[in-house]
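Enquirer:
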Amino acid sequence: MKQQLSIEVRRFKKIREDHGHTQQSFAALLGIKGSTADIERGKTKIGGSVVMELLQQFGINPLWLFGKSHEMNLSLDQTNVQPKVIAVNPQGEDTILLVNQKAAAGYPHNIQDVTWVGNLPAFHMPLPEFRNATYRGFQVEGDSMLPNIRPREWVLGRAVGHIAEASDQKIYIVVLHDSVLVKKLEKISGMPHKVRLVSLNPEYLPIEVATKDIQELWQVNSKLSFGLEEPGESSLLRQLQESMNELKGQINRLSQ
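Note that the numbering used here has the sequence shown beginning at 4, numbered continuously upward.
This is how it looks when you write it as structure tokens:
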């Protein structure tokens with residue numbers, strides 16, 4: 004006769020599946036050796052350290068986990084900005100999801116929707132710089148980050164777990180409740196519950212946001228550019244002048 008799994012086992016598996024983890028990646032996240040297979044088969048009990056990780060990383064109410072409450076989440080830490088959903092390839096490796104300008108409009112509202120996020124295009128980057136972390140790509144809209152980042156370029160960001168881990172003066176992809184911004188982040192002295200978001204383009208004024216309004220935070224470490232610009236008129240004239248000088252030099256050498 005098939006064993007009836009306990010409610011905490013069923014809910015543990017639900018948490019893993021809702022966040023798009025494999026048994027191996029979820030185990031690594033929670034500090035479990037190997038995989039979560041034995042827990043999901045009911046062979047191993049869910050330890051206190053795992054319950055604490057579920058609370059800290061996903062806001063899971065321990066009473067809900069064990070069937071003693073209808074409230075699944077507790078809002079203990081409003082600075083948790085780690086990804087709500089991640090994607091992996093068949094080999095269990097994290098893939099980089101791509102959010103274009105059109106998708107960015109809906110991203111803040113579907114951030115925990117596994118199906119919606121799972122339909123985003125994804126690829127795997129087999130480079131050492133992209134190992135041991137979760138990355139996501141966003142297409143830049145507008146010119147607020149000129150001259151470093153141009154409109155329609157793509158920026159790739161590494162997931163940040165908590166606001167406290169963010170480095171001051173670095174560029175981040177900031178996912179708010181109603182928008183996705185690419186800005187330089189500045190911490191405000193004496194105001195730990197707020198940060199300042201600064202554009203590189205001086206025409207745009209800085210804005211201050213409450214840390215509780217930040218859903219996800221990704222530190223930008225690279226960008227993708229397509230379509231190199233043609234040389235400007237001054238550049239073409241300079242190249243022409245250099246070519247003429249070189250030709251004159253060759254003529255002078257031949258006449259000697």
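Yeah, the Cβ is synthetic: ideal placement off N, Cα and C, and Gly gets one too.
What is the DSSP secondary structure of Tyr110, counted as helix, strand or coil?
Expert: What you label residue 110 is simply residue 107 of the sequence shown in a count that begins at 1. Under the three-state reduction of DSSP output, Tyr110 falls in the helix class.
Enquirer: What does the alpha-carbon distance come out to for the pair Arg14 and Leu68?
Expert: Against the sequence shown, residue 14 aligns to sequence position 11. Against the sequence shown, residue 68 aligns to sequence position 65. Roughly 6 Å between the two C-alpha positions.
Enquirer: Determine the DSSP secondary structure at Ser38, reduced to helix, strand or coil.
Expert: The residue labelled residue 38 in the question sits at position 35 within the sequence shown. Three-state result, Ser38: coil.
Enquirer: For Gln222 versus Leu179, is the C-beta distance shorter than 8 Å?
Expert: Numbered from 1 along the sequence shown, position 219 holds the residue referred to as residue 222. Numbered from 1 along the sequence shown, position 176 holds the residue referred to as residue 179. Not in contact: Gln222 and Leu179 (Cβ atoms no closer than 8 Å).
Enquirer: Tell me the rounded alpha-carbon separation between Gln26 and Asn92.
Expert: Stepping through the sequence shown from its first residue, residue 26 is reached at position 23. Stepping through the sequence shown from its first residue, residue 92 is reached at position 89. Distance between the alpha carbons of Gln26 and Asn92: 13 Å.
Enquirer: Could you say if the segment 143-160 and the segment 109-125 meet the contact criterion of at least three C-beta pairs nearer than 8 Å?
Expert: no
Enquirer: Which term fits Phe229, buried or exposed, when burial requires 16 or more other beta carbons within 10 angstroms of its beta carbon?
Expert: Along the sequence shown, read from residue 1 onward, the residue named residue 229 stands at position 226. So Phe229 counts as exposed.
Enquirer: Going by alpha carbons, who is nearest to Ala107 out of Tyr207, Gln172, Val183, Ile18?
Expert: Reading the sequence shown from its first residue, position 104 is the one you call residue 107. The shortest Cα separation from Ala107 among Tyr207, Gln172, Val183, Ile18 belongs to Val183.
Enquirer: Which runs of the beta strand (DSSP E) spanning at least 3 residues fall entirely within the segment 41-109, listed in chain order?
Expert: The beta strand (DSSP E) runs lying completely inside the segment 41-109 and spanning 3 residues or more are 99-102, given in chain order.
Enquirer: Relative to the alpha-carbon of Pro150, which residue among Tyr207, Glu56, Pro65, Asp97 has its alpha-carbon at the smallest distance?
Expert: The count along the sequence shown starts at 1 and reaches residue 150 at position 147. Among Tyr207, Glu56, Pro65, Asp97, the Cα nearest to that of Pro150 belongs to Tyr207.
Enquirer: Anyone know if the C-beta pair for Ile49 and Glu11 falls short of 8 Å?
Expert: Taking the sequence shown and counting its residues from 1, the one referred to as residue 49 is at position 46. Taking the sequence shown and counting its residues from 1, the one referred to as residue 11 is at position 8. Yes, Cβ-Cβ distance for Ile49 and Glu11 is below 8 Å.
Enquirer: Quick one: using the 10 Å Cβ neighbour count with 16 as the cut-off for buried, is Arg161 buried or exposed?
Expert: Here residue 161 is taken as the residue at index 158 of the sequence shown, counted from 1. Under this definition Arg161 is a buried residue.
Enquirer: Determine the direct distance from the alpha carbon of Pro205 to that of Asp21, and round the result to whole angstroms.
Expert: Position 18 of the sequence shown holds residue 21. Position 202 of the sequence shown holds residue 205. Computed Cα separation, rounded: 42 Å.
Enquirer: Considering Cα atoms alone, identify which of Gly23, Leu220, Ser9 is closest to Val117.
Expert: Locating residue 117 in the sequence shown gives position 114, counting from the first residue. Of Gly23, Leu220, Ser9, the residue nearest in Cα terms is Gly23.
Enquirer: Under the three-state reduction of DSSP, which class applies to Ala169: helix, strand or coil?
Expert: For the purposes of this step, residue 169 is identified with residue 166 of the sequence shown, where counting begins at 1. Note: Ala169 maps to coil in three-state DSSP.
Enquirer: On a Cα-Cα basis, can you pick out the residue from Tyr175, Ser170, Ile166 that is closest to Phe141?
Expert: What you label residue 141 is simply residue 138 of the sequence shown in a count that begins at 1. Answer by Cα proximity: Tyr175.
Enquirer: Going by the CB atoms, is the gap between Ile166 and Thr98 shorter than 8 Å?
Expert: Within the sequence shown, residue 98 is the residue found at index 95, counting from 1. Within the sequence shown, residue 166 is the residue found at index 163, counting from 1. Contact: no.
Enquirer: DSSP beta-bridge partners for Val185?
Expert: If you number the sequence shown from 1, residue 185 lands on position 182. Listed as beta-bridge partners of Val185 by DSSP are Ile176.
Enquirer: So the beta strand (DSSP E) Lys197 belongs to, where does it begin and stop?
Expert: Position 194 of the sequence shown, counted from the first residue, corresponds to residue 197. First-last of the beta strand (DSSP E) with Lys197: 197-201.
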